[in-house]
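Below: the structure, in structure tokens.
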Amino acid sequence: MSRPVSKYPTELELQILKILWRESPLLARQVQETLEREGRGLAKTSVITTLNTMVGKHYLARKKQGNTYLFRPRITEDQVANRVLDDVVGRVFNGATSAVMLRLFDAAELDKDELRELRDLIDRKLKEPN
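Heads up: the sequence shown runs through residues 360 to 489, numbered per the numbering used here.
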């Protein structure tokens, strides 16, 4: 029995997406070389299998170039972040966004500049019409 398809990328898929968000389109060989430089050495066949799986999940698109393929992302970083955050907010915090924010404030070491930036964001949100 096969595993159900996840709503969001696995750790390796996310690493590949981050590579392709920075620079694309890329050949499988180029993705493999970048993974190697980032400390994740994988066989070319493993990289190709993962890329093709990601095409099947609609995370990537591929275009034939000679006897190989160029890969590019079909989903954006914002789309992935929103899916993951929506899942965490819903499953872990029962939909309470404020609980997530309070937990982040407690868990993260924020410097004064980050706190000012957050205050500015909150002030802007308060001025928006409902």
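Note that CB positions come from ideal geometry on N, CA and C, so glycine has one too.
Please read these numbers as outputs of a predicted model, since none were measured by experiment.
Open item on the list: Between the region 458-465 and the region 373-382, can you find at least three pairs of beta-carbon atoms closer than 8 Å?
Closed with: Short answer: they don't touch.
Open item on the list: Please report the distance separating the alpha-carbon of residue 408 from that of residue 442.
Closed with: Between the alpha carbons of residue 408 and residue 442 lies a gap of roughly 24 Å.
Task: Contact set for residue 390: own chain, Cβ-Cβ below 8 Å, skip 5 residues either direction - done: If the five residues before and after residue 390 are omitted, its C-beta is found closer than 8 Å to the C-beta atoms of 375, 378, 379, 406, 410 and 430, all from its own chain and listed in chain order.
Task: Helix, strand or coil at residue 435 [DSSP, three-state] - done: Residue state, collapsed to three classes: coil.
Open item on the list: If the criterion is Cβ atoms closer than 8 Å, does the pair residue 386 and residue 427 meet it?
Closed with: Contact flag set, yes.
TODO: Return helix, strand or coil for residue 430, following the three-state DSSP convention.
DONE: Strand at residue 430.
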